[in-house]
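Report on the following structure.
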Amino acid sequence: MKKISNIILVLGICFSAFSLSSCVDRLAVGDAFLEKAPGVDVNIDTVFTKAEYTRNFLWSAYGQLYCTYTAGNMMNGAPIDVLSDSYHCYVGWGGPIQSYYPGGLTEDAQDTENGNFQGKFSYSTITGGLDADSGGRVSIYETVRKCWQLIENIDKVPDMDANEKSRLRGEAYTIMASRYFDAFRNFGGLCLVRKAYAVGEEFTSGRSSAWETVEFIDSLVNCAIKEPGFIWNVPDADIGQWSGRLTRASARALRAKVWMFAASPLFNNSEPYMTYSNKPTGLEKEEHIWFGKEDPALWDKCLEYCNDFFTDNAANGNYYQLVQPTTQDEAGYRMAYRRAYRYRNDATHHEKLFDAHPTLTLSDGGWGWGWRGFALDCLRQGGAVPTNELMECFGMQDGRVFPYADLYGAGNNPTGIDMFADRDPRLYETMIVPQQSLPAGFDYAGMTYMDSWVGGFLEQNSNVSNKDDVASGYSKFKWLLDYWGGSRYDDEPIGVPYIRLAEMYLIRAEAKAETGDLQGALDDLHVVRSRVGLGRLEDMNPGLNLKTNKENLINEILRERNCEIGAECGDRLYDMVRRKRQDLFTKPLHEIRIYRLDAAGNRLTDGDQQYTAGDPWPKFEYEKAEIVVGHRRWWDEGYWTNKWYLDPVSRKEIQKGYGLTQNPGW
0 MKKISNIILV LGICFSAFSL SSCVDRLAVG DAFLEKAPGV DVNIDTVFTK AEYTRNFLWS
60 AYGQLYCTYT AGNMMNGAPI DVLSDSYHCY VGWGGPIQSY YPGGLTEDAQ DTENGNFQGK
120 FSYSTITGGL DADSGGRVSI YETVRKCWQL IENIDKVPDM DANEKSRLRG EAYTIMASRY
180 FDAFRNFGGL CLVRKAYAVG EEFTSGRSSA WETVEFIDSL VNCAIKEPGF IWNVPDADIG
240 QWSGRLTRAS ARALRAKVWM FAASPLFNNS EPYMTYSNKP TGLEKEEHIW FGKEDPALWD
300 KCLEYCNDFF TDNAANGNYY QLVQPTTQDE AGYRMAYRRA YRYRNDATHH EKLFDAHPTL
360 TLSDGGWGWG WRGFALDCLR QGGAVPTNEL MECFGMQDGR VFPYADLYGA GNNPTGIDMF
420 ADRDPRLYET MIVPQQSLPA GFDYAGMTYM DSWVGGFLEQ NSNVSNKDDV ASGYSKFKWL
480 LDYWGGSRYD DEPIGVPYIR LAEMYLIRAE AKAETGDLQG ALDDLHVVRS RVGLGRLEDM
540 NPGLNLKTNK ENLINEILRE RNCEIGAECG DRLYDMVRRK RQDLFTKPLH EIRIYRLDAA
600 GNRLTDGDQQ YTAGDPWPKF EYEKAEIVVG HRRWWDEGYW TNKWYLDPVS RKEIQKGYGL
660 TQNPGW
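In numbering that gives the first Met the number 0, the protein residues as written are 0 to 665.
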């Protein structure tokens, strides 16, 4: 067993003589949230001699919360959503095209030292000298180290009262639990660090089982919940400065989400998703990636923790509520949804339970860690383009599921149906599709319509010359909004959700369905869907028999999760993983070509076919084609192997000899 000083890349504990100028941040107001504060040269022995230093020490851990859209969490310009069936990466320099799509992911994919990471999540801290603020990846164990140090030392702080110490401990436990959960759903069982190790101290625990890992995460959350000073919500009077601080509500929500993943078939099964063909170190165990049995009672546990959240919320005046529309029309529905997923909590809107606040501004106009500098620029260059499968995920405004699957192909739409009319309003907020009339305030590049067909505005005026951002026939709208409108997409500070209240209803719906309460699940589904004016799912789709058919209901819950929380925290991909949806991974994905028809019903295919306001809205034909650029090997018959459900562990970390093992198949 190696000394702890020899594995600092994993445990991230090079702390005995460091300058806080590299890790001290402050929780600030508005756009300055989690930006760098001026450095203070002080070693770890003095961090806990002053309340200000201690607070800043914790703020630096906040800067390491998971956010799908910061540089260190993107696969060289692509968010992990592009590994699901909803988005596709078209840029050749993107990590997915270089690793996942061709089936070339290796054990060292996360060890790239120039910041161009190919793996979707890093176990280690190999960042080529980069840190979280400059776009690199930070090991979960660096964050864990900080949190344990705070928990173990905060009682020493002389100028901080007991109530605040308790609150900060609750925040630290929750941060730590979230980072373990991030790694758990990518790797399975983890090395569990239960204290702040001293330099030179041996770490002898090795890799724990998947069950031990989920129990450990749960114990951290429970410690947070039990802290008497850990408040339920940030008071409205303070929320302008402190929106985004974790609360007891964050911890309760995280607990439910952890057990939703744990109760799902990936780990909770009568057999492991994959077995080892060989065990080269002798330490490999299926229990690292499997609970050893199937236990339906885990869904009862998930439901219990969901109910605990809602009970606690009720006891606190139902502080957290879904953002509701101010008008019952597309504009009202879209803005309510936008405020729910995009903007931070304020004195009147309290939907986010746990969110990350990437920086908005650029200091140099280049490819920085910030939201504008990296994520948005990558997305609008084709880093994440919606698929036709995502379009079909959204149903109709009246609550029916998508009814037009038979319209594709020449001659199959003789009446010229506009399949994009009268749809779930979240479709229009998620991706750009043809629309005859955009609501007031929702114009795009100054237009009050959207002619996104072959030869229309979107194709003719794509943001980049190679048009990768519209390669599928669609373009991403969620998060980007109208990037043609310049700074308008940065009109308010954003908060990228890790969990928001809408997801709590959806987690509880899934737990209810799994435990036999199908009507209760439908009721929770309707709470979320009614926010955007959709009819009851069971009433509008009687053929699905959702009151009696559990399998169909689970599928509809997963579809609703994709419509509501897709492209926020990678949940569509993790839903496919935890549910072992090989059928979705191996099903080829598609683009669309939308053709405007002339008066005689013939396609207009050449030249500029941009629409003129006031003209009759055209009729259409649609062609659906399999994606070719970035063909995924998973689609090839016989190629799929279940190893893809979890990522490979860094070989460099395994070779350090502290008990870490590889996942099967890698």
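Glycine is no exception: its CB is placed at the ideal position from the N, C-alpha and C atoms.
What number of angstroms, rounded off, separates the C-alpha of residue i from the C-alpha of residue j?
{"i": "Arg650", "j": "Phe393", "result": "41 angstroms"}
{"i": "Asp307", "j": "Arg422", "result": "35 angstroms"}
{"i": "Tyr122", "j": "Ala77", "result": "19 angstroms"}
{"i": "Asn411", "j": "Asp405", "result": "7 angstroms"}
{"i": "Trp634", "j": "Asn641", "result": "13 angstroms"}
{"i": "Arg632", "j": "Ser85", "result": "17 angstroms"}
{"i": "Thr604", "j": "Tyr473", "result": "17 angstroms"}
{"i": "Trp452", "j": "Glu293", "result": "49 angstroms"}
{"i": "Arg144", "j": "Tyr196", "result": "8 angstroms"}
{"i": "Ala501", "j": "Leu282", "result": "41 angstroms"}
{"i": "Ala409", "j": "Ile498", "result": "43 angstroms"}
{"i": "Asn185", "j": "Asn601", "result": "49 angstroms"}
{"i": "Ile493", "j": "Leu479", "result": "11 angstroms"}
{"i": "Glu214", "j": "Gly243", "result": "26 angstroms"}
{"i": "His287", "j": "Met259", "result": "18 angstroms"}
{"i": "Leu588", "j": "Tyr275", "result": "31 angstroms"}
{"i": "Lys225", "j": "Leu219", "result": "10 angstroms"}
{"i": "Met395", "j": "Phe401", "result": "6 angstroms"}
{"i": "Glu200", "j": "Cys562", "result": "48 angstroms"}
{"i": "Asn232", "j": "Asn554", "result": "33 angstroms"}
{"i": "Glu567", "j": "Lys284", "result": "33 angstroms"}
{"i": "Arg578", "j": "Leu265", "result": "6 angstroms"}
{"i": "Pro541", "j": "Gly534", "result": "12 angstroms"}
{"i": "His349", "j": "Gly569", "result": "22 angstroms"}
Below 7 angstroms CB to CB, which residues in the same chain sit around residue i once its five sequence neighbours on both sides are set aside?
{"i": "Phe441", "result": "Ala330 and Arg333"}
{"i": "Leu572", "result": "Ile79, Asp80, Leu82 and Ser83"}
{"i": "Ala508", "result": "Ala520, Asp523, Leu524 and Ile556"}
{"i": "Tyr89", "result": "Gly381, Val384, Asp467, Ala470, Val628 and Gly629"}
Ends of the alpha helix (DSSP H) at residue i?
{"i": "Glu51", "result": "Ala50 to Tyr61"}
{"i": "Lys164", "result": "Ala161 to Phe186"}
{"i": "Ile96", "result": "Gly94 to Gln97"}
{"i": "Trp241", "result": "Ile238 to Trp241"}
{"i": "Asp574", "result": "Asp570 to Arg577"}
{"i": "Phe456", "result": "Phe456 to Gln459"}
{"i": "Leu216", "result": "In the sequence on display, residue 216 carries Ile and not Leu. Where Ile216 is concerned, the enclosing alpha helix (DSSP H) stretches over Ala209 to Lys225."}
{"i": "Ile150", "result": "Ile139 to Asn152"}
{"i": "Thr585", "result": "Gln581 to Thr585"}
{"i": "Thr45", "result": "Ile43 to Val46"}
{"i": "Tyr427", "result": "Pro424 to Thr429"}
{"i": "Leu375", "result": "Run containing Leu375: none; DSSP gives neither H nor E here."}
{"i": "Ile653", "result": "Arg650 to Ile653"}
{"i": "Cys392", "result": "Asn387 to Cys392"}
May I ask you to report which of helix, strand or coil DSSP gives residue i?
{"i": "Arg499", "result": "strand"}
{"i": "Phe353", "result": "strand"}
{"i": "Leu302", "result": "helix"}
{"i": "Val9", "result": "Annotation note: pLDDT 31 at Val9 (below 50); position unreliable, no value reported."}
{"i": "Glu672", "result": "No answer is possible for residue 672: the residues shown for the chain start at 0 and end at 665."}
{"i": "Arg434", "result": "Arg is not the amino acid found at residue 434; the sequence shown has Gln there. DSSP places Gln434 in strand when its eight states are reduced to three."}
{"i": "Arg681", "result": "The requested residue 681 does not occur in the structure, where the chain is confined to residues 0 to 665."}
{"i": "Ser529", "result": "helix"}
{"i": "Met74", "result": "coil"}
Give the single residue among the options whose Cα lies nearest to the Cα of residue i.
{"i": "Leu645", "options": "Ala624, Glu563, Gln581 and Ala250", "result": "Gln581"}
{"i": "Leu521", "options": "Leu505, Leu389 and Gly291", "result": "Leu505"}
{"i": "Met418", "options": "Cys222, Leu265 and Trp616", "result": "Trp616"}
{"i": "Val72", "options": "Phe266, Thr105, Ile139 and Tyr89", "result": "Note that residue 72 is Asn in the sequence shown here, rather than Val. It is Ile139 whose Cα lies nearest to the Cα of Asn72."}
{"i": "Gly637", "options": "Ile593, Phe584 and Ala624", "result": "Phe584"}
{"i": "Gly606", "options": "Tyr594, Gly93 and Phe476", "result": "Tyr594"}
{"i": "Ser249", "options": "Glu285, Phe266, Tyr319 and Glu141", "result": "Tyr319"}
{"i": "Thr280", "options": "Gly658, Gly664 and Trp665", "result": "Gly658"}
{"i": "Asn344", "options": "Thr325, Ala252, Asp237 and Ser208", "result": "Asp237"}
Over the uninterrupted beta strand (DSSP E) stretch that includes residue i, give me the two end residues.
{"i": "Arg251", "result": "Not the beta strand (DSSP E): Arg251 falls in the alpha helix (DSSP H), residues Arg247 to Ala262."}
{"i": "Gln620", "result": "According to the sequence as given, residue 620 is Glu; it is not Gln. Glu620 -> beta strand (DSSP E) spans Phe619 to Glu625."}
{"i": "Tyr594", "result": "His589 to Leu596"}
Give me, in chain order, the residues of the same chain whose beta-carbon lies closer than 8 angstroms to that of residue i; leave out the 5 immediate sequence neighbours on both sides.
{"i": "Gly103", "result": "Gln97"}
{"i": "Lys164", "result": "Ile153, Asp154, Val156 and Gly228"}
{"i": "Pro424", "result": "Glu329, Tyr332, Arg333, Tyr336, Gln396, Val531 and Gly532"}
Can you find a C-beta in chain B that's less than 7 angstroms from the C-beta of residue i?
{"i": "Ala501", "result": "You won't find chain B in this structure, because it holds only one protein chain."}
Grab me the residues of residue i's own chain with a C-beta within less than 6 angstroms of its C-beta, minus the 5 sequence neighbours each way, in chain order.
{"i": "Asn268", "result": "Glu293"}
{"i": "Ala108", "result": "Ser98, Gln117 and Gly118"}
{"i": "Thr212", "result": "Phe183, Gly188 and Leu189"}
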